[in-house]
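Here's the structure we're looking at; comments come further down.
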Amino acid sequence: MRLGRRGTPSATFAPLSCREFVELVTAYLEGALAPPERLRFEEHLRACEHCTAYLEQLRQMLDAVGTLHVDDLSPVAEAALLDAFRDWHQR
Amino acid sequence: MDPADAALLRDLRAGDEDAFRRIVREWNASLLRVAQIFVPSRAVAEEVVQETWLRALAGLDRFEGRSSLRTWVFHILANTAKTRAVREGRSIPFSTLQDPSRVPEASVDADRFLPEDHERHPAGWAAPPRALPEERLLAAETRAVVAGAIEALPPSQRAVISLRDVEGWTTEEVCNALEISEVNQRVLLHRARSKVRSALERYLAPPAAAT
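As given, the protein sequences belong to chains B and G, one line each in that order.
In this text, residue positions in the first sequence follow this note's numbering: the first is -14, and each later residue adds one.
In this text, residue positions in the second sequence follow this note's numbering: the first is 10, and each later residue adds one.
Encoded structure:
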């Protein structure tokens, strides 16, 4: 068990492992980590080139995802909806 | 009411077909994604979405602007889909939406890491990630891999990543539309992003085998 600064058992001060790091990336990017957790995360990030590469891969993935566009509506379905809209307006 | 919503509502009530066509094109794919959380097939989900639009039209005169028009339409969708799910004899998948962390899921395969008792790097990378080649990132084939990875996700994860990262919704908007907590939204988003990253890595820069 690791000991915190005051000699009490502390998870807060224990350094993150890489395996823990990858579970926290979304919370980090969402700004949802509490300040002490965020510090631990950023400390690990500064010291670990592999986790830096991991976070960079995520950012690249988000760039690629951001260029997708889902256009799922068939022309027939759209025509039917527009008919319904006309009926609705003329009722 | 939000000024953009007020203008949209005015156009719709005036019978402006372009305004209606615009929101149909903009929201339909997302509606379909969300419907698929609740009902078993794509075909049924499409019917649910059609029914949602008809119900939204029928209720438009009563819309009071307490939420955004889009959120209101997504609430109609959720209700329509839940009713339909019951009729189809499918129990509503509360477990995946309301309690996604019940079943733990690792973001990265365990064999990519060193053991917990490793003397120098406990649970550090054994097979570390490498930089993805930027020039291939936006190639059509790469985007198809990414789109395929999103399609392959469980429906609730697929809906969350589509709304957040494809459509660019905020956390709050997604939580409202799906009626889920911020924490659960984050769990679903995290799992979805982790899997899509992993698929992209496999395609562009497969990790060296762990030694």
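Beta carbons: idealized from backbone N, C-alpha and C, even for Gly.
Best match in the options for proximity to residue i [C-alpha to C-alpha]
| i | options | result |
| --- | --- | --- |
| Ile46(G) | Met10(G), Ser203(G), Arg93(G) and Phe29(G) | Arg93(G) |
| Glu191(G) | Glu15(B), Ala(-1)(B) and Ala32(B) | Glu15(B) |
| Arg76(B) | Arg111(G), Ala23(G) and Phe83(G) | Ala23(G) |
| Ala168(G) | Ala214(G), His130(G), Arg200(G) and Arg152(G) | Arg200(G) |
| Leu41(G) | His130(G), Asp25(G), Leu187(G) and Asp118(G) | Leu187(G) |
| Gln42(B) | Ala140(G), Arg30(G), Leu197(G) and Ile159(G) | Ala140(G) |
| Ser165(G) | Ala217(G), Gln194(G), Arg129(G) and Val112(G) | Gln194(G) |
| Ala32(B) | Ala28(G), Asp20(G), Gly133(G) and Arg71(G) | Gly133(G) |
| Glu8(B) | Ala119(G), Arg31(G), Glu143(G) and Gly74(G) | Ala119(G) |
| Ser77(G) | Leu63(G), Leu123(G), Ser203(G) and Ile32(G) | Ile32(G) |
| Gly68(G) | Cys36(B), His54(B), Phe70(B) and Leu40(B) | Phe70(B) |
| Ala158(G) | Arg34(G), Ala28(G) and Arg211(G) | Arg211(G) |
| Ser39(G) | Ala214(G), Ile170(G) and Ile189(G) | Ile170(G) |
| Tyr39(B) | Glu56(G), Pro138(G) and His127(G) | Pro138(G) |
| Leu209(G) | Met46(B), Leu66(B) and Ala17(B) | Met46(B) |
| Asp48(B) | Glu97(G), Pro131(G) and Ala148(G) | Ala148(G) |
| Leu213(G) | Phe83(G), Glu144(G) and Ala161(G) | Glu144(G) |
| Val48(G) | Glu182(G), Ala90(G), Asp20(G) and Val183(G) | Ala90(G) |
| Glu22(B) | Cys36(B), Phe6(B) and His35(B) | Phe6(B) |
| Trp73(B) | Arg71(G), Leu66(G) and Phe72(G) | Leu66(G) |
| Asn37(G) | Leu17(G), Glu60(G), Ala16(G) and Leu21(G) | Glu60(G) |
| His54(B) | Glu160(G), Leu106(G), Leu197(G) and Phe72(G) | Glu160(G) |
| Val196(G) | Arg129(G), Arg19(G), Gln107(G) and Phe72(G) | Gln107(G) |
| Val50(B) | Glu114(G), Arg19(G), Leu146(G) and Phe72(G) | Leu146(G) |
Euclidean distance between Cα positions of residue i and residue j
| i | j | result |
| --- | --- | --- |
| Ala44(G) | Val155(G) | 21 Å |
| Thr(-7)(B) | Pro0(B) | With a pLDDT of 42 at Thr(-7)(B), under the threshold of 50, the modelled position of this residue cannot be trusted, and the question is left open. |
| Ile172(G) | Arg4(B) | Per the sequence shown, the amino acid found at residue 172(G) is Leu instead of Ile. In a straight line, the C-alpha of Leu172(G) is about 28 Å away from that of Arg4(B). |
| Ala136(G) | Phe122(G) | 7 Å |
| Pro12(G) | Glu176(G) | 21 Å |
| Glu125(G) | Ser116(G) | 17 Å |
| Trp62(G) | Ala12(B) | 35 Å |
| Arg96(G) | Pro215(G) | 45 Å |
| Ala64(B) | Gly74(G) | 27 Å |
| Pro142(G) | Asn185(G) | 37 Å |
| Glu26(G) | Ala217(G) | 55 Å |
| Met10(G) | Leu17(G) | 11 Å |
| Asp70(G) | Cys36(B) | 53 Å |
| Glu34(B) | Gly98(G) | 51 Å |
| Leu30(B) | Val10(B) | 10 Å |
| Arg129(G) | Glu27(B) | 20 Å |
| Pro113(G) | Ala17(B) | 20 Å |
| Glu56(G) | Ile189(G) | 24 Å |
| Glu182(G) | Arg44(B) | 22 Å |
| Leu198(G) | Glu150(G) | 24 Å |
| Thr19(B) | His127(G) | Per the sequence shown, the amino acid found at residue 19(B) is Ala instead of Thr. If you take the alpha carbons of Ala19(B) and His127(G), they lie about 29 Å apart. |
Neighbour-count burial assignment, residue i, 16 or more Cβ in a 10 Å radius
| i | result |
| --- | --- |
| Pro109(G) | buried |
| Arg25(B) | buried |
| Thr179(G) | exposed |
| Arg79(G) | buried |
| Asn88(G) | exposed |
| Ser203(G) | buried |
| Val58(G) | buried |
| Arg206(G) | buried |
| Asp174(G) | buried |
| Ser59(B) | exposed |
| Ala54(G) | buried |
| Val82(G) | buried |
| Val61(B) | exposed |
Short CB-CB distance (under 8 Å) between residue i and chain A
| i | result |
| --- | --- |
| Val61(B) | Protein chains in the displayed structure are B and G, and chain A is not among them. |
Near the ligand ADP: residue i beta-carbon under 7 Å from a heavy atom
| i | result |
| --- | --- |
| Asp68(B) | The ligand content of the structure shown is nil, which means the ligand ADP is not present either. |
Paired residues, beta bridge with residue i - DSSP
| i | result |
| --- | --- |
| Trp134(G) | Phe122(G) |
Presumed contact (8 Å Cβ cut-off) between residue i and residue j, rounded CB distance
| i | j | result |
| --- | --- | --- |
| Arg152(G) | Thr52(B) | 6 Å |
| Ile225(G) | Arg51(G) | Lying outside 10 to 220, the shown extent of chain G, residue 225(G) is not represented and no answer is given. |
| Arg223(G) | Leu67(B) | Missing from the structure shown is residue 223(G); chain G here goes from 10 to 220 and no further. |
| Leu21(G) | Ala15(G) | About 11 Å separates the two Cβ atoms, so there is no contact after all. |
| Pro163(G) | Ser2(B) | Not quite, the Cβ-Cβ distance comes to about 27 Å (not below 8 Å), so this is no contact. |
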